[in-house]
Amino acid sequence: MSNLWSKQSIFLETNSSGFESNQSLKLQGGKLGLEKIRLFDGSELSGELIKLDDGQNLFWENHSVSKPISFDYKSVSNIFFNRLHLPHEQIPPHLKSLTLYFRNGDKLRCKYEQLTKDHLLIETGCAGSIKIPLSAIQKLEFLPNSYFTLYDSSFGFENWKKSNSKSWIFEEGDFVSSFSGSVGMSLPKKEAIEIQFIAEWERSFYLAIRIFSDSDGSTYGNEGYHLSFSNNRLNLQVNKRRKGRTLRETIGSIMVNDLMKEKEARFKILGHRSTKEFIIFVNDQQIARWKDSTEGFHPNQNGILFINQGGNSYIRLKEVNISGWNKSLFPPEDSKSIAPQDSTHVVLENGDSTLVSSITGDKESISMSTKRGTFNVPILRVRNIIFTKPKDKLLKSETSEQILLTQSLGLLSCKLLSISKNQLSGYSPNFGDFTLSLNTIRQIKCNQHLLRRSKYIEGLNEVKKALDLQRPEDALSALENLPFAQRSWYWHRLSFLARTMESEEILSFTPHPDKTLITASFAGNEDTILSTSKEGEYALWSGHAKLASGSYSNHEKIPTEIGRFLNEEQYSVNLSHPYWLSETEVTETQFKAVTSQKLWPEKNGSLPMVCNWFEAQKFCNQLNQLEKPPNGYIWRLPTEAEWEYACRAESQGPFCNSKFSLLNNNESKYEEHLNKYGWFAKNSNGAIHPVKQKLPNSFGLYDMHGNVWEWCLDSTMTDKSMLLKTRIPGVINPYTSKGDWRILRGGCYDLKFDRCRSSYRGANAPSVVNGDRGFRIALGINLNKEHNSTKNIISKEIIKLEKLGLKLLPISPKTFLMGSPSNLTAPKAITNFSGDKLFTGSIEGNLGTTDFSGQPIQQIKELNSTVTSISSSSDDQWVIAGCNDGSVHLFNGKSFTLKKTLHDHKFPVTSVSISPNGKRFSTSSLGGKLNSYSFPDCTYEWSVFAKDQNASFDYLEYNSKGTKLLSSGIGSIPKLFQAKNGKEIKLNPFPYNEVMRSRFLKNGESFASITQSGMLIFTEASNGLVYKVVRLQLQNLFDFDFSPYGKRMIFSTKEGTCSIRKTPINNTLCIESGEKTALFSPDYFFALAKKTEPNQTKLSDFLSNYGFLTQDGLNQQGCKTSPSEKLVLTTLDGALRLWDSETGIWITTLGDKFVTPFEDCAFSPDGTMVVGKLKTNEFLIYLTSNQLPVDPDNNKNQSEVETWF
């Protein structure tokens, strides 16, 4: 904010109104009242300050106690003074003719004496003459010669009047309101007025200020200017009387952005009576300048009012200062300002700005060096001097106190040294040692460094919360907002951990535009990518450059369903018992016969009954009462699996009696086929039709596609968010009752063909009807009974309930593939480990190879079934292919001769994986079975079933040592097994849904998983602790891969986009154990939701509890201070804990409850690393950057680290 005066003088009027001195004269003859001390715990004590000694003990006198009370000064937050200002103690006006603004925010009213090349010499009325370096000064503001303080808080509250008794109070020098109303007073008449204050508020900010008002505060008044804040909006009105009425006219209105964010702001309002101009500053920025151009109104009143317009909203006005001056002096428009705001420049009385390279001066004039030469300017013509910022970044010196002075002298930050004999001694970072009389002090804000430090620690806790929520961008933003001077090791540690949660994109491209991407993976090195499409194409890439491409399968024969959704992913389902399904949807006539419910209006009785799920359930319940079902069976709605199998009637295409080869992925052919079997948007004319008007499927069931949606028994979560989670291959009689919604199948009359497919999964709230929902009845096993003896019950005959008009057709037990085909079972192509050879599998079953030289694919073997999975060993000894018919074929990787064929799967093979150590391989299929075999004889080792693991096994992968096997599935939680025996490695509950795939990190000690919504989840591979989540800002992810050395990752989306990124930093700990090679690890302990707390959360109490003798210093075994002296480490209780040395606050626990406890700790000499020493003589080094602290191959590391202790 620049100085604004158009004319000034360093000499003030001597014949002023005397308002300032008159206020003080009223106080003669005794003390104003008791002083007050406030402690950080919120307690207060009145009395009088005696002294502060060199030991930082504060002595306080209270009349109810016979002896002085002693306080530890660190416990004191505020001292409020209430001392007399005798006439001879009044600061004369000429000693307040200059306002000096310091770079650290301090402000001082004083008298200008001299300006040298490097210093400013001033005279003060409180601390004598002071010499100040120019590097500490932001601005000099020369005040008008009639400038006079009309009010500051040292004047008290005596002359202010309130509109009601509740409206405002005067508290510790502040104006406080929590109730509607005004407070005001009449001021000595001045042409111009300046109002300054800091406002704090809670919920809302509805403050108004009346200027030049005809009210003295007891009423709102009728005339004057009304400046109002309504949260972010600022409005200025003029109120004037005309013919006995008060007229209000708006002069200006503006939105003040971000005003409500901090609930605190500094305000400055300037108003001129004669010119009727107003300027408003918020936080030192001019946000409005308005002029009342109306005629006939000339304000001649002197009232000022503060009004709380917000009901019971809380407002506090601090440091209120009102000043005024005479004549036409007022800040001009800054249109003629040409000086850069970050350069030293002088502003003259007419508003001109002049850039200067150097400036000096005495009491009479200043000498300015400019581009045009050197000029002498009388001091009377100078408005202000703004100094350039120092080139070197200056850190704000740490100060502990802020002193608010009386008589509008300003405020000073300092380090308090002592108080005795009515004198305060301190050290200012701006001008060094000083002494003040306590009579010039209104308040001392004590131990501000402790408040700043506490606030800083609170900020660090907010950063930690952001990291716990996997919001690194929020954490980094919060870290940058924390003061630079406060930062220490923990700030840098959190910053490092936040950066490890980010993923930097290197390249994004679409390898197969307008085609369906199957996979994109690294091919032998960090830069080369192999991509394949569902249309049977492959391409080799280096960045955006295509190195090779070709076709490996006939795309016309690849099964694909138009309109397919992810929740339709295929898996085998075992329907273990026969069941019966009604030939048609339950009609209105049948519904009425069972329920005796009168239907209104009466319709065609052969129309499907339209109802909600509860009404369908009621029908089933009443039917069970009318017709007793066979033992173990009940009349009910079909499960989703029963419905789909009955709908398909053995068809694997999108509709009953359909084949992919005939439909050829063509919409017209889809509609032509569906037209035979169901009513949908294309043929229904927008209406429901009577049942049995279309052809039945192969099971004799009518209208399974279209006409009306059909309610199923199963539940699901709102918005179908958990449908994939129920996908468990090999599950027997699947059914779920969890969720608020119910499953709907078959589509309806007003939907397109793709929503009427056999595999489309609808759902909605059970109370919804929408005029398009119906049902069909099933006779099925009672799913709520654990055991059903149904082997020898009724024969597989048609059931007819003649009286009710119901006919149910038998459906035989069957294990079938539920869902629609996807990338899982599409033909595959991969490169070998080195990336110089391509292995391909076609829809027809041809296994082939090529070397990217442009030669055609050479056939290895005709396998007579689509090749759905291929794997090649890292040493090129083996190639394994899995097929759609469940067969697995092993080939010699050199000669490509067939070694063995396995037939242990009955459904399409989804994954084959070879261990890096070459000892074994594993296979999985949509049948839900995972098999392990050993090389070289392909000896069967063990099996695991998905239904026993409540998971799916779509992908398999070994860790780098070949000791663990990771399985993952689309929508399934990952599972870990011992590779040798198949024993499950129990993991913590996995907290995320929609997992698409998991892969081991290259170190094999952790694995990563991706979700469809774009989360990259890192999990420790021993206990399953999720220790990091990276939000990729990608949607519809389905696959990813690590580069051979793990430095990069590639992510694939449903839309066909591939994103290549740097692998997020994983290792944030260095473990030094004296071995030749140092180990690196993630900080698993940091990821724990709850950190163990010490038994005492104050450092002094904690140390005392363990008998630690602080008089011997803090740098002893089990307790160390950082080089910056801001932090303290302890291991006294076996845990590595971090404390703040200034406040004694426990910050965090870095490690605890490891296999062995900590016995000592240290900081590195430069303070960038923390080291905890375990009793096993291992050292855990906590890093703050990706730079290695030691040479990982140097066996002298431990001795170097030991020197830090």
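Anchor point for the sequence shown: position 1161 equals 1673 in my numbering, and the numbering is continuous, going up by one each time.
A virtual CB, placed ideally from N, CA and C, is assigned to each residue, including glycine.
Query raised in the report: Do you know how far the Cα of residue 927 is from the Cα of residue 849?
Result: Taking the sequence shown and counting its residues from 1, the one referred to as residue 849 is at position 337. Taking the sequence shown and counting its residues from 1, the one referred to as residue 927 is at position 415. Only weak support is given to the placement of residue 849: the predicted model assigns it a pLDDT of 45, under 50, and the value that follows is read from those uncertain coordinates. Whole-angstrom Cα-Cα distance: 39 Å.
Query - Residues bridged to residue 1049 (per DSSP) - result: Your numbering for residue 1049 matches position 537 in the sequence shown. In DSSP, residue 1049 forms a bridge with 1063.
Query raised in the report: Can you name, in chain order, every residue of its own chain whose Cβ lies under 6 Å from the Cβ of residue 533, other than the five neighbours on each side?
Result: Mapped onto the sequence shown, residue 533 falls at position 21. Confidence at residue 533 is low in this model, with a pLDDT of 35, below 50, so its placement is unreliable and the value that follows should be read with caution. Around residue 533: 602.
Requested in this report: Report the residue ranges of all beta strand (DSSP E) runs contained in full by the segment 542 to 611; include only those spanning at least 3 residues, in chain order.
Outcome: Here the runs fully enclosed are 547 to 551, 556 to 564, 569 to 573, 581 to 584 and 588 to 592.
Report task. May I ask you to verify whether the segment 1640 to 1660 touches the segment 960 to 967, counting CB pairs closer than 8 Å and requiring at least 3? Result -> The segment 1640 to 1660 vs the segment 960 to 967: in contact.
Report task. Measure the C-alpha to C-alpha separation of residue 1220 and residue 1261 and round it to an integer number of angstroms. Result -> Position 708 of the sequence shown holds residue 1220. Position 749 of the sequence shown holds residue 1261. Spanning the two alpha carbons is a distance of roughly 6 Å.
Requested in this report: Taking only runs that begin and end inside the segment 769 to 852, name each unbroken beta strand (DSSP E) of 3 or more residues, in chain order.
Outcome: For the segment 769 to 852, the full-length beta strand (DSSP E) segments reaching 3 residues or more read 776 to 784, 789 to 794, 797 to 803, 815 to 820 and 827 to 837 along the chain.
Query raised in the report: Using the rule of at least 16 other Cβ atoms within 10 Å of the residue's Cβ for burial, across every protein chain shown, is residue 454 buried or exposed?
Result: Since the first and last residues shown for the chain are 513 and 1717, residue 454 lies out of range.
**Report entry** Host alpha helix (DSSP H) of residue 1107 (start-end)
**Finding:** As a working note, residue 1107 is residue 595 in the sequence shown. That run of the alpha helix (DSSP H) goes 1100 to 1107.
Query raised in the report: With residue 825 and residue 718 assumed to form a contact (beta carbons below 8 Å), what rounded beta-carbon distance in angstroms separates them?
Result: As a working note, residue 825 is residue 313 in the sequence shown. As a working note, residue 718 is residue 206 in the sequence shown. Rounded, the Cβ-Cβ distance is 6 Å, consistent with contact.
Requested in this report: Give a yes or no on contact between the segment 1228 to 1240 and the segment 1480 to 1488, applying the rule of three or more CB pairs nearer than 8 Å.
Outcome: A contact is defined here as three or more CB-CB pairs under 8 Å, and the segment 1228 to 1240 meets this definition with respect to the segment 1480 to 1488.
Query - Buried or exposed (CB count within 10 angstroms, at least 16 for buried), residue 1207 - result: Within the sequence shown, residue 1207 is the residue found at index 695, counting from 1. Only exposed fits residue 1207, as fewer than 16 other CB atoms lie within 10 angstroms of its CB.
**Report entry** CB of residue 1557 within 9 Å of CB of residue 1610, strictly
**Finding:** For this step, residue 1557 is matched to residue 1045 along the sequence shown. For this step, residue 1610 is matched to residue 1098 along the sequence shown. The criterion of a C-beta distance shorter than 9 Å is not satisfied by residue 1557 and residue 1610.
Query raised in the report: What three-state label does DSSP hand residue 509 in the structure shown?
Result: Since the displayed the chain opens at 513 and closes at 1717, residue 509 lies outside it and no answer follows.
Requested in this report: Taking 8 Å as the threshold, find out whether the segment 1144 to 1156 comes into contact with the segment 1238 to 1256 through three or more Cβ pairs.
Outcome: Yes, the segment 1144 to 1156 touches the segment 1238 to 1256.
**Report entry** Given 8 Å, three or more beta-carbon pairs between the segment 1392 to 1407 and the segment 1417 to 1426
**Finding:** In this structure the segment 1392 to 1407 touches the segment 1417 to 1426; the number of beta carbon pairs closer than 8 Å is three or more.
Query raised in the report: Would the segment 1285 to 1296 and the segment 1053 to 1064 be scored as touching if the rule is three or more Cβ pairs under 8 Å?
Result: The way I'd put it, the segment 1285 to 1296 doesn't touch the segment 1053 to 1064; fewer than three beta-carbon pairs between them come closer than 8 Å.
Query - Where residue 945 falls: helix, strand or coil (DSSP) - result: On the sequence shown, residue 945 is found 433 positions in, with the first residue counted as 1. The DSSP-derived three-state label of residue 945 is strand.
**Report entry** Same chain, Cβ closer than 8 Å to residue 860, five either side skipped, listed in chain order
**Finding:** Here residue 860 refers to the residue found at position 348 when the sequence shown is read from its first residue. For residue 860, where only same-chain residues beyond five positions count, the Cβ hits under 8 Å are 866, 889, 893, 894 and 895.
Query raised in the report: Around the C-beta of residue 1415, are 16 or more other C-beta atoms found within 10 angstroms, so that it is buried, or is it exposed?
Result: Position 903 of the sequence shown holds residue 1415. Residue 1415 comes out exposed.
Requested in this report: Measure the C-alpha to C-alpha separation of residue 1553 and residue 1178 and round it to an integer number of angstroms.
Outcome: Counted from its first residue, the sequence shown places residue 1553 at position 1041. Counted from its first residue, the sequence shown places residue 1178 at position 666. Approximately 33 Å, taken between the alpha carbons.
Requested in this report: Check whether the Cβ atoms of residue 762 and residue 735 lie closer than 9 Å to each other.
Outcome: If you number the sequence shown from 1, residue 762 lands on position 250. If you number the sequence shown from 1, residue 735 lands on position 223. Between residue 762 and residue 735, the C-beta gap is not smaller than 9 Å, which leaves the two residues out of contact.
Query raised in the report: Taking Cβ positions, are residue 1327 and residue 1086 nearer each other than 9 Å?
Result: Position 815 of the sequence shown, counted from the start, is the residue given in the question as residue 1327. Position 574 of the sequence shown, counted from the start, is the residue given in the question as residue 1086. With respect to residue 1086, residue 1327 sits close: the two C-beta atoms are nearer than 9 Å.
Requested in this report: Flag this pair as touching only if the segment 1580 to 1600 and the segment 1613 to 1628 have three or more C-beta atom pairs under 8 Å; answer yes or no.
Outcome: Fewer than three beta-carbon pairs drawn from the segment 1580 to 1600 and the segment 1613 to 1628 are found closer than 8 Å, and the two stretches are therefore not classed as touching.
Query raised in the report: Are residue 915 and residue 924 closer than 9 Å when you measure CB to CB?
Result: Position 403 of the sequence shown, counted from the start, is the residue given in the question as residue 915. Position 412 of the sequence shown, counted from the start, is the residue given in the question as residue 924. Result yes, Cβ atoms of residue 915 and residue 924 sit closer than 9 Å.
Requested in this report: Using 10 angstroms around the beta-carbon of residue 624, count the other beta-carbons present and answer buried if the total reaches 16, otherwise exposed.
Outcome: Stepping through the sequence shown from its first residue, residue 624 is reached at position 112. So residue 624 counts as buried.
Report task. Give the single residue among 979, 1316, 1067 and 1202 whose Cα lies nearest to the Cα of residue 1108. Result -> In the sequence shown, the residue the question calls residue 1108 occupies position 596. Comparing Cα positions, the closest option is 1316.
Query raised in the report: Is the segment 837 to 844 touching the segment 777 to 787, taking contact as three or more C-beta pairs under 8 Å?
Result: Contact holds: three or more Cβ-Cβ distances are below 8 Å.
Query raised in the report: Quick one: complete beta strand (DSSP E) runs, 3+ long, within the segment 1643 to 1714?
Result: Within the segment 1643 to 1714, the runs of beta strand (DSSP E) at least 3 residues long that lie entirely inside it are, in chain order, 1648 to 1652, 1658 to 1663, 1670 to 1675, 1682 to 1686 and 1691 to 1694.
Report task. Can you tell me the Cβ-Cβ gap for residue 1519 and residue 1531, rounded? I've got them flagged as a contact below 8 Å. Result -> As a working note, residue 1519 is residue 1007 in the sequence shown. As a working note, residue 1531 is residue 1019 in the sequence shown. Residue 1519 to residue 1531, Cβ: 6 Å. Contact.
**Report entry** Helix, strand or coil at residue 1573 [DSSP, three-state]
**Finding:** As a working note, residue 1573 is residue 1061 in the sequence shown. The answer is strand: DSSP assigns residue 1573 an E or B state.
Query raised in the report: Considering only residues of the segment 1550 to 1627, which uninterrupted alpha helix (DSSP H) runs meet the minimum length of 4 residues and lie entirely inside it, listed in chain order?
Result: Counting only unbroken stretches of 4 or more residues, the alpha helix (DSSP H) elements lying wholly within the segment 1550 to 1627 are 1611 to 1617, in sequence order.
Report task. Quick one: grab the DSSP three-state call for residue 1311. Result -> Your numbering for residue 1311 matches position 799 in the sequence shown. DSSP places residue 1311 within a strand segment (E or B) once states are collapsed to three.
Requested in this report: Can you give me the Cβ contacts of residue 1523 inside the same chain, cut-off strictly under 8 Å, excluding the 5 residues immediately before and after it?
Outcome: By 1-based counting over the sequence shown, the position of residue 1523 is 1011. Its chain contains 1504, 1505, 1506, 1507, 1508, 1529 and 1549 as the residues whose beta carbon lies nearer than 8 Å to that of residue 1523, once the 5 sequence neighbours on both sides are disregarded; these appear in chain order.
Requested in this report: From the DSSP output, read off the bridge partner residues of residue 1637.
Outcome: Along the sequence shown, one-based indexing puts residue 1637 at 1125. Its beta-bridge partners do not exist; DSSP assigns none.
Report task. Tell me whether residue 659 sits in a helix, a strand or coil according to DSSP, three-state version. Result -> Sequence index remark: in the sequence shown, residue 659 carries index 147 (1-based). Correct three-state label for residue 659: coil.
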